[in-house]
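S.K.: Take the sequence shown: its position 124, counted from the start at 1, is 124 in the numbering used here, and no numbers get skipped. Beta carbons are placed, not taken as given, at the ideal position from N, Cα and C, and that holds for glycine. Note that this is a predicted model, so its numbers are computed, not measured.
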Amino acid sequence: SHEDFVAGVMISASHNPYYDNGIKIFSHNGVKIDDATESFIEEVIDGRQVKLVSDDKIGTVHAYPDALVRYKQFLKESVKVDLKGLKIAIDSANGSASVSAASILSDLGAELFALNQEPNGININTNCGSTHPEELQSFTLRHQCDVGFAFDGDADRLIAVDEKGQLFDGDKTLYVCGLYMNEKNELKDHTIVTTVMANLGLHKALNTLGIKTEQTQVGDKYVYESMVKNDYRIGGEQSGHIIFKNHLTTGDGLLTALKLCEVMQAKKKGLAKLSQDCVIYPQVLKNVRVQDKKKALENTELKALIIELEESLKGDGRILVRPSGTEPLVRVMVEAASDEICHSLVNKMVEKIEALKL
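#1: Quick one: complete beta strand (DSSP E) runs, 3+ long, within the stretch 180 to 216?
#2: For Thr191, count neighbouring C-beta atoms within 10 Å of its own C-beta (all shown protein chains included) and say buried if the count is 16 or more, exposed if not.
#3: Which of the three DSSP states is assigned to Glu225 in this structure?
#4: Please go through the same chain and pick out, in chain order, the residues whose beta-carbon is closer than 8 Å to the beta-carbon of Lys348, but skip the five residues on each side of it.
#5: In terms of residue numbering, what span does the beta strand (DSSP E) encompassing Leu83 cover?
#6: Which of the three DSSP states, helix, strand or coil, is assigned to Asn230?
#7: Taking only runs that begin and end inside the stretch 146 to 171, name each unbroken beta strand (DSSP E) of 3 or more residues, in chain order.
#8: Expressed to the nearest angstrom, what Euclidean distance is found between the alpha-carbon atoms of Ser344 and Val50?
#9: Just the Cα atoms here: how many angstroms apart are Ala150 and Glu225?
#10: Where Lys314 and Ala89 are concerned, what is the direct C-alpha to C-alpha distance, given to the nearest angstrom?
#11: State buried or exposed for Leu248, treating a residue as buried only when at least 16 other CB atoms are found within 10 Å of its CB.
#12: Check whether the Cβ atoms of Thr126 and Pro17 sit closer than 9 Å, and answer yes or no.
#13: Would you list the residues sitting across from Glu335 in a DSSP beta bridge?
#14: What does the Cβ neighbour count give for Ala155, buried or exposed, with the cut at 16 atoms within 10 Å?
#15: For a test of the three-state rule: what should DSSP assign to Glu77, helix, strand or coil?
#16: Decide if Tyr19 is buried, meaning its Cβ has at least 16 other Cβ atoms within 10 Å, or exposed.
#17: Kindly indicate which residue of Gly95, Glu135, Ser100 and Glu134 has the alpha-carbon position closest to the one of Glu118.
#18: Give me the DSSP bridge partner(s) of Lys42.
#19: For the candidate residues Ser92, Ala93, Val99 and His62, whose alpha-carbon lies nearest to that of Lys72?
#20: Can you tell which of Lys259, Val279, Thr60 and Ile124 has the C-alpha that lies nearest to the C-alpha of Gly8?
#21: Which value, in whole angstroms, describes the spacing of the CA atoms of Lys268 and Leu260?
#22: Could you name the residues that DSSP lists as bridge partners for Lys259?
#23: Just the C-alpha distance for Glu77 and Ser338, rounded to the nearest angstrom, thanks.
#24: List the residues that DSSP assigns as beta-bridge partners of Ala89.
#25: Mark Lys164 as exposed unless 16 or more other C-beta atoms lie within 10 angstroms of its C-beta, in which case mark it buried.
#26: I need the DSSP call for Gly253, collapsed to helix, strand or coil.
#27: Less than 9 Å between the beta carbons of Pro328 and Gln276, yes or no?
#28: Rounded to whole angstroms, what's the CA-CA distance from Phe244 to Asn123? Just pull it up for me.
#29: For Ile23 and Asp35, what's the separation of their Cα atoms in angstroms?
#30: So if DSSP puts Val61 in a beta bridge, which residue, or which two residues, is it bridged to?
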């Protein structure tokens with residue numbers, strides 16, 4: 001958005017295998033395009049006839065060789081942090097972080113141990129990165145690193161590994177960075193933006209500290225819309241998409257990693273210690289195939305069961321039923337104090353949906 005381009009196009013498999021490559025389009029101000037424009041472009045690709053412009057009106061596509069240099073410069077200016085003394089493990093998912101993460105973290109003084117940064121066009125996200133962080137967990141422990149960072153293929157999300165080898169997801173990142181920003185009086189209205197999938201444990205931990213949450217539907221673009229509308233400074237998703245609005249319009253895994261390092265260095269503590277008061281509740285999610293998503297969610301008997309089961313949790317858990325964005329599925333999610341309670345309630349919900357033949 002700092003250059004004179006009318007749009008940006010990214011070829012991206014995101015967190016998926018290479019054969020799911022698609023295109024992600026950004027507007028002239030660096031924001032993901034709105035739903036209506038996206039739908040129109042899809043219709044054109046699918047063969048809808050549109051009025052063509054004359055050749056003198058067609059723009060040009062520019063290579064941008066300085067992009068990486070500018071990006072590194074931007075990150076170093078955004079987060080003034082000295083990483084000397086930190087041992088960091090990274091998993092670049094054989095994706096776009098392969099060309100940036102190691103050099104930036106090393107330049108800032110970290111001792112680096114790197115995995116999966118040899119992309120060959122088809123190994124992106126294959127048993128690695130933020131969706132498969134198991135290898136990074138053992139790698140972090142084996143090399144006695146202070147922290148591990150797993151990026152996804154297009155590096156807009158980050159899942160960390162703490163000093164004990166435990167997973168540290170987007171909810172915990174929101175907690176640690178949000179708390180630090182609040183202490184420095186950088187949170188507008190003491191508010192963090194999350195989606196409806198954010199863990200109940202995050203809400204409870206923030207609530208104890210007087211920090212509020214604003215919830216949106218699932219999707220980082222909806223998080224960003226809420227942030228712009230209300231000028232909130234930090235928001236994100238459990239999956240590791242975190243947006244720092246003072247710096248960027250979208251999630252950026254490397255910026256998020258640097259922000260976590262900033263808190264670790266300032267507090268002289270590891271991520272496990274920093275997040276110890278944020279107790280994450282077990283969460284179980286099941287998908288159920290239905291004939292009509294909208295009709296299923298409006299069913300009176302189903303609504304009554306949700307209320308009854310939520311009341312039985314007495315505030316120590318929650319039930320969320322929502323439609324899949326792309327398939328004829330309803331997603332049933334339960335959070336509760338134990339896995340057993342979660343599975344029991346999810347199964348009751350699924351049995352009800354199937355019995356009602358929704």
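M.R.: Result, derived from the coordinates:
#1: Complete beta strand (DSSP E) runs here, min 3: 191 to 195 and 212 to 216.
#2: Of the other Cβ atoms in all chains shown, 16 or more fall within 10 Å of the Cβ of Thr191; this residue is therefore buried.
#3: Of the three classes helix, strand and coil, the one that applies to Glu225 here is helix, per DSSP.
#4: Hits under 8 Å: Leu305 and Leu309.
#5: Judged by DSSP secondary structure, Leu83 falls outside any beta strand (DSSP E); it is assigned neither H nor E.
#6: DSSP places Asn230 in helix when its eight states are reduced to three.
#7: DSSP runs (the beta strand (DSSP E)) wholly in the stretch 146 to 171: 147 to 151 and 158 to 161.
#8: Between Ser344 and Val50, the C-alpha separation is close to 52 Å.
#9: Between Ala150 and Glu225, the C-alpha separation is close to 26 Å.
#10: Straight-line Cα distance between these residues: approximately 41 Å.
#11: Answer is buried; the Cβ neighbour count reaches 16.
#12: At the C-beta level, Thr126 and Pro17 come within 9 Å of one another.
#13: Looking at the DSSP assignment, Glu335 forms a beta bridge with Gln283 and Arg318.
#14: Classification for Ala155: buried.
#15: Taken through DSSP and simplified to helix, strand or coil, Glu77 comes out as helix.
#16: With a threshold of 16 other beta carbon atoms within 10 Å, Tyr19 falls short and is exposed.
#17: Nearest C-alpha to Glu118: Gly95.
#18: Per the sequence shown, the amino acid found at residue 42 is Glu instead of Lys. Per the DSSP secondary-structure output, Glu42 pairs with nothing in a beta bridge.
#19: For the residues Ser92, Ala93, Val99 and His62, the minimum Cα distance to Lys72 belongs to Val99.
#20: For Gly8, the nearest C-alpha among the options comes from Thr60.
#21: Rounded to the nearest angstrom, the two C-alpha atoms are 12 Å apart.
#22: In the DSSP output, where bridge partners are listed per residue, Lys259 has none listed.
#23: Separation of Glu77 and Ser338 (C-alpha to C-alpha, rounded to the nearest whole angstrom) is 44 Å.
#24: The secondary-structure analysis by DSSP pairs Ala89 across a beta bridge with Phe113 and Gly148.
#25: Classification for Lys164: exposed.
#26: Here Gly253 sits in helix by DSSP.
#27: Judged by beta-carbon spacing, Gln276 lies beyond the 9 Å limit of Pro328, meaning their Cβ atoms are not closer than that value.
#28: Straight through space, the alpha carbons of Asn123 and Phe244 are spaced by roughly 30 Å.
#29: Using only the alpha carbons, I get a separation of about 14 Å.
#30: Beta-bridge pairing links Val61 to no other residue.
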